[in-house]
Amino acid sequence: LSDEVKRTFSIVSDLKKKLRCFKPDCVHINSACAKFGLIRDAICVYVAKRHRAKVVLHFRCTVQDKLGKGALRNKLFRRMVTKADLVLTLNKLSENFVKDNVSTSHVTTVPNFIDVKENFEPLDISDSVKNIAYVGHVQFDKGAREIFKAAQHFPSKQFKLVGPVSEEVAVLNRPDNVELLGRVEHSEVDGIMKASDVFLFPSYTEGFSNALVEAMSCGLPVIATDVGANADMIEKYGGFLVPAKSFEEIVTAISNIEDKSVRCKMSLWNQKKVYDNYRVETVMKQLLALYTQI
Numbered sequence: 001l002s003d004e005v006k007r008t009f010s011i012v013s014d015l016k017k018k019l020r021c022f023k024p025d026c027v028h029i030n031s032a033c034a035k036f037g038l039i040r041d042a043i044c045v046y047v048a049k050r051h052r053a054k055v056v057l058h059f060r061c062t063v064q065d066k067l068g069k070g071a072l073r074n075k076l077f078r079r080m081v082t083k084a085d086l087v088l089t090l091n092k093l094s095e096n097f098v099k100d101n102v103s104t105s106h107v108t109t110v111p112n113f114i115d116v117k118e119n120f121e122p123l124d125i126s127d128s129v130k131n132i133a134y135v136g137h138v139q140f141d142k143g144a145r146e147i148f149k150a151a152q153h154f155p156s157k158q159f160k161l162v163g164p165v166s167e168e169v170a171v172l173n174r175p176d177n178v179e180l181l182g183r184v185e186h187s188e189v190d191g192i193m194k195a196s197d198v199f200l201f202p203s204y205t206e207g208f209s210n211a212l213v214e215a216m217s218c219g220l221p222v223i224a225t226d227v228g229a230n231a232d233m234i235e236k237y238g239g240f241l242v243p244a245k246s247f248e249e250i251v252t253a254i255s256n257i258e259d260k261s262v263r264c265k266m267s268l269w270n271q272k273k274v275y276d277n278y279r280v281e282t283v284m285k286q287l288l289a290l291y292t293q294i
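Note that my numbering has the sequence shown beginning at 1, numbered continuously upward.
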């Protein structure tokens, strides 16, 4: 709590200085809807409005998952949304939640972006699924248990998990075909993805996953849980959506994605989706248009 108070004081003080010095037309406030962070974000909205700046409030999470049922958090959330001139969300689930809970129409979804090359290298699609990759924190709420259970059903397939491993996962009995690679350099992650056949992403909750969009840019077919922006990203064409916490559905999806022709179509579709929607230039053009609009 002490650290949060110091951090809040520092951020609010810096915001006031910037407002006095630059007199910006617009202030873009990112909010993760964290317990103490919401109080800080609400203060920032208030300060910006007092200086007569337009406020863009950008929720960097799946809003309903983070807010929960806390009365104070929900009250702050509604006040912030009401005061903001424009509300941005990372996914349609959050956009619909904001519209359903606050009387406002100035809400739209803007995705994250990644820096990608002008021309994608097509993925070499193998005849069968041999290597399945996961990238992110390796912990229970990211679906690590479900990956382990699914791996037991496919002993001939290799499951490579990239990212820091939590203590709760480290002590689990791990199938022989599951490899925990820990933290690796970003360039190495790219190589692991391109050497894989499927990207498996069974997280319980997400906002907008950069790991998923990078896997799509590599041309990997996807198996992901139907949370956050995952459905917005792969739609019906880039892979299979499964319910969270269900390793049985993951097993079924892996069986269904074996067909090479299916994976070829998914691979090309995912790369085109990233190129058309998630490049820096595309998203920044969208943001600048929204700033101009308000």
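Note that beta-carbon positions come from the ideal geometry of N, C-alpha and C, so glycine has one too.
- Taking one beta carbon from each stretch, the stretch 24 to 37 and the stretch 258 to 275 have fewer than 3 pairs nearer than 8 angstroms; the two do not touch.
- Between aspartate 232 and asparagine 91, the C-beta gap is smaller than 9 angstroms, which places the two residues in contact.
- Here the C-alpha atom of arginine 52 lies approximately 20 angstroms from the C-alpha atom of leucine 287.
- A direct Cα-to-Cα measurement between alanine 224 and lysine 17 gives close to 44 angstroms.
- When the alpha-carbon of histidine 58 is set against those of Thr89, Glu249, Ala253, the nearest one is in Thr89.
- Taking the CA atoms as reference points, isoleucine 254 sits about 19 angstroms from cysteine 218.
- In the three-state DSSP reduction, leucine 268 falls in the helix class (H, G or I).
- Classified as buried, phenylalanine 208 has 16 or more neighbouring CB atoms from the shown chains inside 10 Å of its CB.
- Per DSSP, serine 217 is not a residue of any beta strand (DSSP E); the alpha helix (DSSP H) it occupies stretches across 210 to 217.
- About 7 angstroms separates the beta carbons of threonine 205 and aspartate 141, which is inside the 8 angstroms limit, making them a contact pair.
- The bridge partners DSSP lists for glutamine 158 are Asn131.
- The beta-bridge partner set that DSSP reports for arginine 279 consists of Ile114.
- In chain order, Leu67 place their CB closer than 7 angstroms to the CB of asparagine 74, counting only its own chain and leaving out the 5 sequence neighbours on each side.
- Apart from the 5 residues on each side of it in sequence, proline 164 sits with its Cβ closer than 8 angstroms to the Cβ of His137, Val138, Gly182, Arg183 in its chain, given in chain order.
- Serine 31 counts as buried, since at least 16 other C-beta atoms from the protein chains shown sit within 10 angstroms of its C-beta.
- In this structure, the beta-carbon distance from glycine 143 to phenylalanine 201 falls below 9 angstroms.
- The residues Leu93, Ser94, Phe97, in chain order, have a CB closer than 8 angstroms to that of glutamine 64 in the same chain once the five nearest residues on each side in sequence are set aside.
- Scanning Ile132, Asn112, Val55 for the CA closest to the CA of valine 274 turns up Asn112.
- Burial check for glutamine 152: the Cβ neighbour count within 10 Å stays below 16, so the residue is exposed.
- Under the rule that a run must span 3 or more residues, the beta strand (DSSP E) segments found entirely inside the stretch 178 to 211 read 178 to 182, 198 to 201.
- Within its own chain, the residues whose Cβ lies closer than 6 angstroms to the Cβ of glutamine 271, once the five positions on either side in sequence are excluded, are Phe120, Gly219, listed in chain order.
- Shown here, cysteine 21 sits in a helix according to DSSP, grouped into three states.
- Taking C-beta separations shorter than 7 angstroms and ignoring five residues to either side along the sequence, the partners of glutamate 168 in its chain run Gln139, Phe140, following chain order.
- Remark: C-beta atoms of arginine 40 and isoleucine 11 approach each other more closely than 9 angstroms.
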